[in-house]
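Residue numbers (our numbering): 41 to 632. All C-beta atoms in this analysis are idealised placements derived from N, C-alpha and C, irrespective of residue type, glycine included.
Quick look at the structure:
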């Protein structure tokens, strides 16, 4: 998807309520399919009024669903059925319903309507071209996350981009008027004032479409012309704010939802002002609200403009491919925060040599570098704990029925980083828990990125979700209740997970952890490979060890002392808490 379309969908400028848009989005594919069938029958049977009804319902649902960008619409887009083509197919069948009549004015009415359709299509085809043309010179744009309000300069560009991304209501209304006119004009006697009126109305609609195309072209031209005028105030306001740090967000598509958001509460609590620099528009939709300005800067030149005199340090959340476009600037101190702590191979990355400091949760993270053969001097590390877990309650809950949270990790981009139990043992695990442990309540929270590239993961997610929804009685798919990770970890009595930062964060609660061993390693080899799991109960791919693990987790919990020691080793020993440690180090690097 083009960057400009991602930006439009991140803050859709239309006024259609999101709930209505989502409902129409779920129905869009079904409505489109049924309308095409009805339109085909209407064209074959020469029923223009039936065609008008089917066309109107389908076109209206299409327009209303545009803001939601539903999966069904994306699926049609992927197979080549873009909104323009869907509209053209509807309109041609509607024209056939008029043209096929045996009345004297049928052909004239149909040709008039087709002329309007062609004018609308011409204007419509222009919109993505204008959006692309405008985006190539767009200034840096301030973005308000999770808000219906946007700055005027941003909104100006959003409107241009939205016209290229979806179904403009103007086109729907023009064609609707023309189709009603055609259906009425068909029954007018030929060579009369009534038939002439039908042609006149149709031509007026065609001219309206062309005038609208001209107006949108002028809007695009004006936006390009005013680039300097729109961009200068942004830089001036940011300079007045005098941010002392910059958070560089360049991630895989949509990953800000679970990578950037987890840092926002810690960043918001800082006494210093900061700036979030977002490189990809796909990150914007998932961002939560923050007190720090969010600026969309897609080009390297935009990045250069945002290195303000007051900024002393740049924070990175991942080893992204585009990090070098900022990292090459010697005026800043470059600090890697990462987005989680675990024994995954990616936690100790040779690219860390390219930053000035790596801020880690505890000693365990530092130990991973020499274990991976990466020579990093100790002075380049700073221990800050995990500010994200500071609000988690510690110790047992008071639930009548213990909650077992199954939170499998990300599927991984390649085999070396594939640690997930989801598709290998997840379905069997959940079935076994429901069957053998009726007193517990199973909650399911898959990693947000699971199922994107591996169909087996999506199949497992669907099956487990269906099982738990049918089971009811407190069993839960956490996404159904829009529960955050913090909500899930706060409520869980027992965590079943994989090699994952979720398990690391859960250490803070001091509650039992059961770790899946989907590769079937021996217990000794598993702990040697993943040292932080020495205080977790293990289960094998065939679920061997599950009964023993559940008995311990719900009973004596003999690994609790080891888990408390592991908590200090992994999450650090910060006397005043992780947020205070984070604040102290931010103050240090911004005042140097």
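In the structure shown, what three-state DSSP assignment does residue i receive?
i: residue 555; result: strand
i: residue 459; result: coil
i: residue 320; result: coil
i: residue 635; result: Outside the shown range of the chain, which is 41 to 632, sits residue 635, and nothing can be said about it.
i: residue 567; result: helix
i: residue 180; result: coil
i: residue 384; result: coil
i: residue 532; result: coil
i: residue 60; result: helix
i: residue 207; result: coil
i: residue 242; result: helix
i: residue 188; result: coil
i: residue 120; result: coil
i: residue 609; result: helix
i: residue 390; result: helix
i: residue 601; result: helix
i: residue 227; result: coil
i: residue 51; result: coil
i: residue 216; result: helix
i: residue 582; result: coil
i: residue 293; result: coil
i: residue 524; result: coil
i: residue 69; result: helix
i: residue 99; result: helix
i: residue 378; result: coil
i: residue 596; result: coil
i: residue 625; result: helix
i: residue 452; result: coil
i: residue 368; result: coil
i: residue 614; result: coil
i: residue 34; result: What is shown of the chain runs 41 to 632, which leaves residue 34 out entirely.
Looking at residue i: is its Cβ nearer than 8 Å to the Cβ of residue j?
i: residue 429; j: residue 399; result: no
i: residue 577; j: residue 611; result: no
i: residue 583; j: residue 465; result: yes
i: residue 166; j: residue 256; result: yes
i: residue 352; j: residue 284; result: yes
i: residue 138; j: residue 223; result: yes
i: residue 484; j: residue 517; result: yes
i: residue 310; j: residue 287; result: no
i: residue 212; j: residue 99; result: yes
i: residue 88; j: residue 226; result: yes
i: residue 699; j: residue 427; result: Only positions 41 to 632 of the chain appear in the structure, and residue 699 is not among them; the question remains open.
i: residue 133; j: residue 80; result: yes
i: residue 416; j: residue 463; result: no
i: residue 570; j: residue 438; result: no
i: residue 122; j: residue 171; result: no
i: residue 482; j: residue 442; result: no
i: residue 681; j: residue 357; result: Nothing about residue 681 can be read from this structure; the chain reaches only from 41 to 632.
i: residue 78; j: residue 61; result: no
i: residue 181; j: residue 409; result: no
i: residue 526; j: residue 432; result: yes
i: residue 493; j: residue 440; result: no
i: residue 242; j: residue 152; result: yes
i: residue 174; j: residue 300; result: no
i: residue 48; j: residue 205; result: yes
i: residue 388; j: residue 414; result: yes
DSSP beta-bridge partners for residue i?
i: residue 285; result: 314 and 353
i: residue 446; result: 484 and 536
i: residue 373; result: 353
i: residue 400; result: 423
i: residue 633; result: What the structure shows of the chain is the stretch from 41 to 632, and residue 633 is not part of that stretch, so it cannot be assessed.
Length at least 3, wholly inside the region 404 to 439: the beta strand (DSSP E) runs in chain order: 421 to 423
Taking three-plus beta-carbon pairs below 8 Å as touching, is the region 318 to 328 in contact with the region 512 to 526? no
Complete runs of the beta strand (DSSP E) confined to the region 468 to 505 [at least 3 residues]: 481 to 484
Quick one: which unbroken alpha helix (DSSP H) runs of 4-plus residues sit fully inside the region 297 to 358? Chain order, please. Along the length of the region 297 to 358, whole alpha helix (DSSP H) runs at least 4 residues long occupy 301 to 308 and 340 to 345, reported in chain order.
Okay, do the region 240 to 254 and the region 152 to 162 touch, 3+ Cβ pairs below 8 Å being the bar? yes
Decide yes or no for the touch test of the region 551 to 561 against the region 589 to 596: beta carbon pairs closer than 8 Å, at least 3 of them. A contact exists between the region 551 to 561 and the region 589 to 596.
For the 8 Å Cβ check, are there 3 or more pairs between the region 183 to 192 and the region 213 to 220? At 8 Å Cβ cutoff, the stretches do not touch.
Does the pairing of the region 419 to 433 with the region 611 to 627 give three or more beta-carbon distances under 8 Å? yes
Check whether the region 501 to 509 and the region 526 to 543 touch, using three or more Cβ-Cβ pairs below 8 Å as the test. Taking 8 Å as the limit for Cβ pairs, the verdict is that the region 526 to 543 does not touch the region 501 to 509.
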